[in-house]
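A short write-up of the structure that comes next.
2 protein chains.
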Amino acid sequence: MQTFFSEEHRKHFPQAELSGGQFVTPYERPSRVEYILRRLNERGFDTPIAPQTPDMTVLRGLCDPGYLEFLETCWDEWVAEGMAGEIIAGNFPARRMQISRPPRNIDGKVGYYSLASETAITAGTWEAALSSMASAQAAQRAVAAGARAAFALCRPPGHHATADMYGGYCFINNAAIVAQMFRDQGAGRVAVLDIDFHHGNGTQDIFYGRGDVFFASLHGAPEDAFPYYLGYADETGAGDGEGANVNYPMAPGTPYAPWAEALEDALARIRAYGAEALVVSLGVDAYKDDPISFFKLDSPDFMDAGRRIAKLGLPTVFCMEGGYAIEAVGINTVNVLEGFNGA
Amino acid sequence: MQTFFSEEHRKHFPQAELSGGQFVTPYERPSRVEYILRRLNERGFDTPIAPQTPDMTVLRGLCDPGYLEFLETCWDEWVAEGMAGEIIAGNFPARRMQISRPPRNIDGKVGYYSLASETAITAGTWEAALSSMASAQAAQRAVAAGARAAFALCRPPGHHATADMYGGYCFINNAAIVAQMFRDQGAGRVAVLDIDFHHGNGTQDIFYGRGDVFFASLHGAPEDAFPYYLGYADETGAGDGEGANVNYPMAPGTPYAPWAEALEDALARIRAYGAEALVVSLGVDAYKDDPISFFKLDSPDFMDAGRRIAKLGLPTVFCMEGGYAIEAVGINTVNVLEGFNGA
Ligand SMILES: [Zn+2]
Ligand SMILES: [Zn+2]
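Going down the list, the sequences are from chains L and S.
Mapping of the first sequence onto the numbering used here: residues 24 to 366, in sequence order.
Mapping of the second sequence onto the numbering used here: residues 24 to 366, in sequence order.
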């Protein structure tokens with residue numbers, strides 16, 4: 024399986040994450056990918072290929088134009104306004120406030136286009152997010168050209184980002200971009216399977232009203248885990264998308280057996296749906312020692328999960344999402360890919 | 024004019040405010056009231072009276088029970104969860120997320136019940152907020168008993184707080200409590216006039232669907248100023264409240280002349296409405312040197328504003344809100360009261 028990866032990810036290197044009322048060193052940090060690259064190499068995977076320049080057309084088709092302009096210009100505006108720190112949201116359109124009037128002031132714009140305040144934007148965030156998307160796009164093209172599967176080693180991750188909001192370390196929803204590319208190239212139905220510990224609220228939100236992209240997510244129950252306000256089992260899609268969204272919220276301490284049962288159910292649903300291509304939001308923060316999560320998967324479980332996913336027999340693009348138990352991230356991520364390859 | 028004031032305000036003394044991507048010493052700090060107390064004394068006002076214990080009945084009638092329970096218990100839950108800093112919201116129900124399912128996790132609850140992430144909650148915040156409300160209640164009772172006016176030197180302030188969210192340095196909406204007390208005691212119609220630089224989004228939100236409390240706010244335009252997502256001129260009330268809400272958003276650099284014109288318009292609207300009692304959300308951050316605001320009022324302008332308000336001839340309770348140009352806060356606040364007294 025070919026890996027696609029851009030060194031440009033380093034341009035997104037925030038120093039601060041708001042956590043527990045303090046600034047901590049961000050869990051989502053550049054070194055995460057180093058562990059994955061090393062493990063890929065140890066296990067004999069081909070050398071990662073750097074992607075071409077990003078294709079902006081699909082991005083512009085999927086996202087709010089004001090949001091994309093914001094991502095591109097916010098750092099300069101922030102600095103011009105004399106702000107001393109990195110960009111962190113200090114306010115937001117709370118319930119019953121205006122949600123269709125973006126402010127002119129940069130501090131207000133930041134709140135308007137964010138869905139959480141833990142995630143910092145820095146000088147290079149936009150370029151890094153584009154390079155991450157470019158890796159996802161290159162992986163999609165490799166699969167469209169006939170590869171059984173490809174791995175986009177995306178950083179920053181994407182599954183929390185909506186068409187108009189960043190947060191949860193995510194800015195551009197890479198998995199959604201890949202799903203849309205499959206659709207644009209003629210696949211009638213596409214599925215996104217999100218196995219990251221956190222609910223893929225961004226992906227769900229983007230496709231919630233559409234019947235042509237199925238979304239399934241296994242995650243910590245929203246009552247107990249970020250993003251807290253989406254990911255309930257009764258969120259099944261709306262309008263044309265009714266029935267094309269399935270959530271598997273699970274309780275703190277969930278071990279592999281019930282998680283694998285949920286995975287099998289999701290795979291059965293994707294099979295029944297008739298997907299012609301699969302996008303996997305590959306987070307490995309379901310790992311037992313992940314510092315910000317609460318499932319109890321062990322490293323061999325990730326290999327088993329990869330084997331199960333492979334049995335769908337679909338052209339598959341893996342997009343890297345979360346995973347914060349730094350050293351184990353490499354092993355667990357590559358275990359999924361090896362399980363998939365060996366099946 | 025009698026002042027009501029509780030020393031308990033000191034129990035709310037956060038060390039951190041999220042501003043410009045950094046933690047800064049909060050603009051809303053205990054010393055603000057010291058300048059007001061000193062000026063009141065200098066100008067011959069009577070010694071402030073400490074309020075009795077707070078009346079919880081009106082509070083429970085006005086607020087979401089889950090929100091009040093949250094305010095009372097959040098600090099202990101936060102500490103029990105092992106959080107190291109003060110309580111600061113790191114997430115929130117963004118648009119298109121669930122807004123009627125409060126999470127179980129304390130980190131999620133904080134986001135659910137907040138409308139901004141600049142405001143920290145500490146060990147004593149709940150007690151301080153209750154003492155602030157108690158001052159407002161004591162002032163209301165003094166006016167109900169026959170005084171022409173009374174001054175509630177409230178800290179923390181209240182006008183940004185809704186029935187279910189804190190933020191903008193506010194936890195309990197003191198002005199709304201006072202308005203409700205006038206109603207409960209038999210006043211047919213009550214008006215709240217908010218002259219703080221910031222839009223009184225909480226007060227507007229609480230009474231937006233009601234015709235028995237009129238709300239008027241003079242403030243920095245939401246495109247340019249916190250709270251950014253409410254305070255537009257076309258927000259005129261809903262249902263029974265249609266026509267009982269009026270906003271005067273004004274541009275950066277607005278000096279006293281147009282501000283006074285807006286004030287006269289608001290006063291005319293309140294007169295026409297037929298209010299029997301008046302609550303003034305008295306912020307003095309419209310002052311030209313306020314560090315977080317952008318109007319250009321000078322100190323004598325506040326005295327003139329007080330004179331104009333007095334001409335309504337209504338029983339009036341002043342509730343202290345914002346004002347952050349520390350030394351000038353005393354002069355400007357007392358100027359409003361002296362202007363009112365002398366009219
Ligand atoms: Zn995650
Ligand atoms: Zn203010």
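All residues carry an ideal CB built from backbone N, CA and C; glycine is no exception.
If you're wondering where the values come from, they're calculated on a predicted model, not measured in any experiment.
Ignore the nearest five residues each way along the sequence and tell me which others in residue i's own chain have a CB closer than 7 angstroms to its CB.
i	result
S:Ile349	Ser54, Arg55, Tyr58
L:Gly234	Asp263, Gly264, Ala267
L:Leu360	Met24, Phe174, Gly329, Phe341
S:Ala289	Leu216, Ala239, Leu241, Val269, Tyr271
S:Asp78	Gln160
By Cβ distance below 6 angstroms, which residues in the same chain neighbour residue i in space, the five residues on each side in sequence not counted?
i	result
L:Ala309	Phe220, Phe318, Leu320
S:Thr142	Gly190, Tyr192
L:Ala146	Trp98
L:Gly346	Gly306, Val307, Asp308, Val352
L:Phe205	Val213, Ala300
S:Asp69	Gln25
S:Ala210	Glu299, Ala300
L:Lys34	Gly147, Glu150, Ala151
L:Gly134	Ala112, Asn114, Phe115
Taking the alpha carbon of residue i as the reference point, which residue from the options has its own alpha carbon closest?
i	options	result
S:Gly407	L:Ser42, L:Asn64, L:Gly131, L:Gly43	Outside the modelled stretch of chain S, which goes from 24 to 366, sits residue 407 of chain S, for which no answer is possible.
L:Val201	L:Gly191, L:Met188, L:Phe230, L:Tyr189	L:Phe230
L:Gly297	L:Gly345, L:Glu65, L:Thr277, L:Val213	L:Val213
S:Ala157	S:Leu216, S:Leu60, S:Phe27, S:Pro278	S:Phe27
L:Asp313	L:Gly329, L:Gly243, L:Leu360	L:Gly243
S:Ala198	S:Asp78, S:Met273, S:Gly181	S:Gly181
S:Gln121	L:Glu109, L:Ala328, L:Pro125, L:Leu138	L:Leu138
L:Pro74	L:Phe325, L:Gln45, L:Gly345, L:Gln163	L:Gln163
L:Thr80	L:Gln160, L:Phe325, L:Ala146, L:Thr70	L:Gln160
S:Glu344	S:Asp99, S:Val215, S:Glu284	S:Val215
S:Gly67	S:Met24, S:Phe205, S:Pro77, S:Val102	S:Met24
S:Glu104	L:Pro49, L:Ile315, L:Glu109	L:Ile315
L:Asn355	L:Phe325, L:Thr259, L:Gly329, L:Gln208	L:Phe325
L:Gly381	L:Met204, L:Ile332, L:Val307, L:Gly362	In the structure as shown, chain L starts at 24 and stops at 366, and residue 381 of chain L therefore has no counterpart that could be examined.
S:Arg124	L:His32, L:Asn358, L:Glu246	L:Glu246
S:Arg294	S:Lys311, S:Thr259, S:Lys334, S:Ala167	S:Lys334
L:Trp101	L:Glu287, L:Ala117, L:Ser140, L:Ile144	L:Ile144
L:Glu287	L:Ala248, L:Ala256, L:Asp327	L:Asp327
L:Val302	L:Asn196, L:Gly276, L:Ala256, L:Asn358	L:Asn196
L:Val47	L:Tyr136, L:Thr96, L:Ser140	L:Ser140
Using only the heavy atoms of ligand 2, determine whether one of them is closer than 7 angstroms to the beta carbon of residue i.
i	result
S:His221	yes
S:Glu344	yes
S:Gly306	yes
Is residue i near ligand 1, going by C-beta to nearest heavy atom under 7 angstroms?
i	result
L:Glu141	no
L:Gly264	no
If you measure between the beta carbons of residue i and residue j, is that distance less than 8 angstroms?
i	j	result
S:Leu91	S:Arg83	yes
L:Phe238	L:Thr226	yes
L:Ser322	L:Ala351	yes
L:Cys86	L:Asp187	yes
S:Gly223	S:Ala261	no
L:Glu31	L:Glu150	yes
S:Ala291	S:Met273	no
S:Ser154	S:Ser29	yes
L:Pro179	L:Glu258	no
L:Gln45	S:Ala107	yes
S:Ala167	S:Gln208	yes
Leaving out five residues before and five after residue i in sequence, what residues of the same chain have Cβ atoms less than 8 angstroms from its Cβ?
i	result
S:Lys311	Phe318, Lys319, Leu320, Asp321
S:Thr185	Leu138, Asn196, Asn224, Gly225, Asp228, Ile229
Quick check: the region 33-49 of chain L against the region 108-117 of chain S, are at least 3 beta-carbon pairs closer than 8 angstroms?
yes
| query | Does the region 325-344 of chain L come within contact of the region 168-187 of chain L, defined as at least 3 CB pairs closer than 8 angstroms? | reply | With the cut-off at 8 angstroms, the region 325-344 of chain L and the region 168-187 of chain L touch.
Note to self: Can you confirm whether the region 280-289 of chain S touches the region 247-256 of chain S when touching is taken to mean that 3 or more C-beta pairs between the two stretches lie within less than 8 angstroms?
What the structure shows: no
task = Could you say if the region 115-130 of chain L and the region 62-72 of chain S meet the contact criterion of at least three C-beta pairs nearer than 8 angstroms?
result = no
Next item on the list: Anything in the region 120-131 of chain S with a Cβ closer than 8 angstroms to a Cβ of chain A? List those residues in chain order, please.
Entry: The chain inventory of the structure shown lacks chain A, comprising the protein chains L and S.
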